[in-house]
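Below you'll find the structure, written out as structure tokens, and then a few comments.
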Amino acid sequence: MTSSGGVRPDTVGSGHSLHWLCGMFLLFLLAAQAVAAESKPPPSIGPHSSYALSTYFASLHNAGPELSLPEAIALSDQFDDAVSQSISATNFGLTRDEVWLHLEFTTQEAVPERWLLEVGHASLDRVDLYFAEQGGEYQHQHAGDLLPFNAKALPHRHHLFELQLQPSKRYSLYLRVSSQGTLSVPVTLWQPDALWANDQYSYSFLSLYYGLAAGLLIYNLFLFFSLREKLYVIYVAFVAFLALGQAGLAGLVGQFLSPNSALLTHLSPTASVSLAGLFGAIFVQRFLAGTPRRLKMHWVMPALGTVYALTFLCTLFVSYFYAALVVNITSLLFALTALAMGAAALYRRQPGARFFVLAWISLLISILVMALHNLGVLPSNAFTANALLFGSAAEMLLLSLALADRINGIQLAQDRAQQEALTVNREMLVALRENERLLESRVAERTLALEAANSQLTLSKRLLEQQANHDALTGLANRKLLTDRLQGATLRAKRNDSSFALMMIDLDWFKAINDQHGHQAGDRVLIEVANRLKASLRDVDTVARVGGDEFVLVIESVSNHEALAVIRHKLQQVVLQPIHLSGDLWVSVGMSIGVAMFPDDAQDIDLLFTLADRAMYSSKPVHPVNAR
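250 is the number of the first residue of the sequence shown in the working numbering; add one for each residue after it.
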């Protein structure tokens with residue numbers, strides 16, 4: 250148990266890590282200052298293998314039209330020697346000025362003849378060297394990332410110029426430098442073998458970096474295809490573009506990816522870092538899940554991602570300079586925000602938060618050093634120029650560990666949840682078995698009741714259908730059903746090119762039976778007549794009651810009037826048969842019949858009714874009621 254004022258064990262380790270990293274950062278800055286402070290200009294160039302020249306230059310900033318060499322020489326009294334006293338040396342940060350650098354040096358008696366002058370910042374747009382023995386004519390050499398790699402006089406990832414030195418001479422050197430990105434001009438004079446040996450060391454380090462990046466890419470791609478977790482492919486995109494940005498800063502894009510084109514070489518540093526920031530913002534948002542929302546910062550990473558996307562477009566279509574300025578500031582804000590969110594996630598013991606925080610502390614330190622270097626605050630040396638390389642390598646490795654830790658944490662949580670679910674399931678299974686028999690009996694009872702209810706419902710439905718479509722007294726079709734039958738008969742007649750008869754019937758002397766014997770007797774007559782009519786016709790024919798003693802018959806497939814006459818006579822004979830009411834009381838009714846044929850007489854149903862009705866009334870006889 251821990252007291253309320255105790256310190257959580259996981260935060261102790263994180264605190265120690267934070268203090269260690271902060272301490273290392275301070276030592277790093279002090280070391281950078283010491284490098285600049287201890288640098289002293291040599292009296293002359295001798296037999297040593299290399300000479301760092303950055304702190305010897307005088308500088309001139311030109312914000313106006315481009316100067317020629319004679320114009321720059323004419324302004325020699327305006328060159329500023331303060332650069333040699335500055336900690337940032339020849340690092341001028343983000344500036345759109347054209348910068349001229351001037352240096353005069355002497356050679357010793359034992360100086361080698363062939364030298365290579367290296368400007369060790371690959372992303373400079375233009376570098377012009379003017380070199381001459383004192384009093385002699387200046388020789389001009391040109392370099393820069395706007396020049397394709399294959400067009401360089403000396404194939405190297407940095408900008409190289411070849412110098413021929415003679416013993417005991419005095420030389421003058423001018424450099425004209427301009428760039429839309431960071432204008433850093435670290436200058437070193439090398440003997441060729443020494444430069445080659447230094448390159449071996451540099452390329453070995455770069456190989457380790459890109460080997461690490463490639464390994465992480467392959468590993469996380471494998472995890473993505475195995476787990477189908479989008480977070481891994483987002484991380485892969487982040488690492489890929491971050492590595493491409495580093496390659497652009499190191500001059501490797503032009504050397505290996507686009508030796509014949511300068512466009513990708515020129516754009517790759519800022520464009521790649523912008524895309525890396527975009528995918529990094531997406532990664533942080535998804536990795537930390539609910540943490541940004543708890544902090545009410547759920548909008549921050551999408552906003553930063555949007556800025557990175559706009560910066561990428563600005564790099565391609567608007568202004569490289571402003572894009573470089575924005576990407577440096579945005580990257581610093583991004584690292585700080587991600588670190589704050591990671592600290593909150595660590596406090597809540599979110600899986601993977603430990604490595605996430607360490608990763609972003611590493612990246613934050615490297616971004617801070619890079620930004621201060623790019624803004625001209627820190628000098629350009631092996632530490633500051635490659636800060637992002639060191640920091641991004643540590644960050645990539647730690648983020649991979651964070652992903653693994655996160656997956657492990659999620660898996661452990663899932664295992665616990667499964668165990669808890671199994672326990673609950675066992676308890677529920679016991680309860681279910683205890684209630685199973687009771688439930689089965691209740692289900693059986695409910696099933697019987699449901700079947701009875703369904704039967705009653707079916708019966709009720711049939712009764713409703715019967716009432717809706719049939720006459721309540723006789724059970725014959727009513728007007729509604731008659732209308733449906735007539736529509737069907739019409740369609741069949743048209744389809745089969747056949748005919749049907751519409752027969753209207755009105756009972757003769759029915760009113761007298763009602764008046765003499767009452768309505769019950771009349772109802773019995775109507776029922777009997779309905780039964781006789783229905784029994785005399787086919788099932789396909791329709792017998793409907795449409796009024797008190799009015800009936801309508803639809804007789805389908807009648808070929809001619811002769812056949813219809815036979816049917817009519819049959820119906821009259823059937824209906825005229827005496828009807829027994831009660832005791833020895835018998836009555837007889839006749840019927841008046843009107844017929845219309847479809848389509849011979851009419852093709853309209855209403856007109857058929859009209860014709861049949863007229864025929865029916867014209868056929869009515871005058872005859873007394875036959876009752877006994």
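Just so you know, even glycine gets a beta-carbon here, dropped at the ideal spot from N, CA and C.
Does the beta-carbon distance from LEU802 to ILE854 come in below 8 Å? no
PHE274 (DSSP reduced to helix, strand or coil): Note that PHE274 scores a pLDDT of 47, beneath 50, so its modelled location is shaky; the value from the coordinates is reported in the next line. PHE274 falls in the helix class under three-state DSSP.
Using CA coordinates, which residue listed in ARG682, PRO827 and ARG863 is at the minimum distance from MET752? ARG863
Under 8 Å, do SER837 and LEU825 count as touching if we go by C-beta distance? yes
Determine the closest residue to ALA651 out of LEU621, ALA312, SER641 and ARG603, with distance taken between C-alpha atoms. ARG603
Among residues of its own chain, excluding the 5 on either side of SER748, which ones have a beta-carbon nearer than 7 Å to its beta-carbon? ALA742, VAL807, MET846, PHE847, PRO848 and ASP849
Local Cβ density within 10 Å of PRO880, reported as buried at 16 or more and exposed below that: Examination of residue 880 is not possible in this model, given that the chain is present from 250 through 877 alone.
Neighbourhood of VAL556 by C-beta, 6 Å cutoff - its chain only, sequence neighbours within 5 removed: THR579
With 16 as the cutoff for other CB atoms within 10 Å, does SER831 come out buried or exposed? exposed
By a C-beta neighbour count over all protein chains shown, 10 Å radius and 16 as the cutoff for buried, is TYR866 buried or exposed? exposed
Quickly, what does DSSP pair ALA793 with across the bridge? List them, please. ALA726 and VAL801
Hey, is the stretch 391–411 in contact with the stretch 539–552, meaning 3+ C-beta pairs nearer than 8 Å? no
Report all residues from its chain with a CB closer than 7 Å to the CB of LEU735; omit the five preceding and five following residues, and keep chain order. VAL803 and ILE854
I'd like the list of long-range same chain contacts for ALA486, defined as Cβ closer than 7 Å, with 5 residues on each side in sequence excluded. PHE528
Can you tell me which of PRO441, VAL533, GLN495 and VAL567 puts its alpha carbon nearest to the alpha carbon of TYR481? VAL533
Between which residues of its own chain and PRO441 is the CB-CB distance below 7 Å, once the five residues before and five after are set aside? ARG363 and LEU365
Under 8 Å between the Cβ atoms of LEU725 and ARG794? yes
Between SER417, ARG773, GLY526 and VAL606, which lies nearest to SER293 when the distance is taken from Cα to Cα? SER417
Less than 8 Å between the CB atoms is what I'm expecting for TRP349 and LEU316, so what's the real figure, rounded? 7 Å
Measure the beta-carbon distance from ALA524 to PHE561 and round it to whole angstroms, keeping in mind my assumption that it falls under 8 Å. Correcting the residue identity first, residue 524 is Leu in this sequence and not Ala. That pair is a contact at about 6 Å.
Go ahead and label PRO600 buried or exposed: buried means 16 or more other beta carbons lie within 10 angstroms of its beta carbon, across all protein chains shown. buried
Can you tell me where the alpha helix (DSSP H) holding ASN763 begins and where it ends? 759–766
Cα-Cα separation between ALA283 and GLY313, rounded to whole angstroms: A caution first: ALA283 carries a pLDDT of 44, below 50, which makes its placement in the model too unreliable to give a value.
Beta-carbon proximity check, GLN504 vs PHE410, cutoff 8 Å: no
I need the straight-line Cα distance from ASN703 to ASN718, nearest angstrom please. 22 Å
Please name the residue, chosen from ASP790, ASP374, ARG477 and GLN388, that lies closest to SER428 on a Cα-to-Cα basis. ASP374
Could you tell me which residues DSSP puts in a beta bridge with ASP377? HIS391 and ARG425
Could you name the residues of the same chain whose beta carbon sits closer than 6 Å to that of ARG817, not counting the 5 residues immediately before and after it, in chain order? ILE842
Between which two residues does the alpha helix (DSSP H) holding TRP445 run? 441–476
Nearest residue (CA-CA) to VAL376, options VAL434, SER421, TYR420 and ASP326: VAL434
Can you tell me whether GLU353 is helix, strand or coil according to DSSP? strand
What does the alpha-carbon distance come out to for the pair THR696 and GLN705? 14 Å
Just list the residues that DSSP pairs LEU412 with in beta bridges. TRP364
Taking the beta strand (DSSP E) that ALA307 falls in, what are its first and last residues? 307–311
C-alpha gap between LEU607 and ALA643, whole angstroms: 9 Å
Would you grab the beta carbon distance between PRO458 and LEU648 for me? Rounded to a whole angstrom, and I think it's under 8 Å. It should be pointed out that residue 458 corresponds to Tyr in this sequence rather than to Pro. Actually they are not in contact, since the Cβ atoms of TYR458 and LEU648 sit about 15 Å apart, beyond 8 Å.
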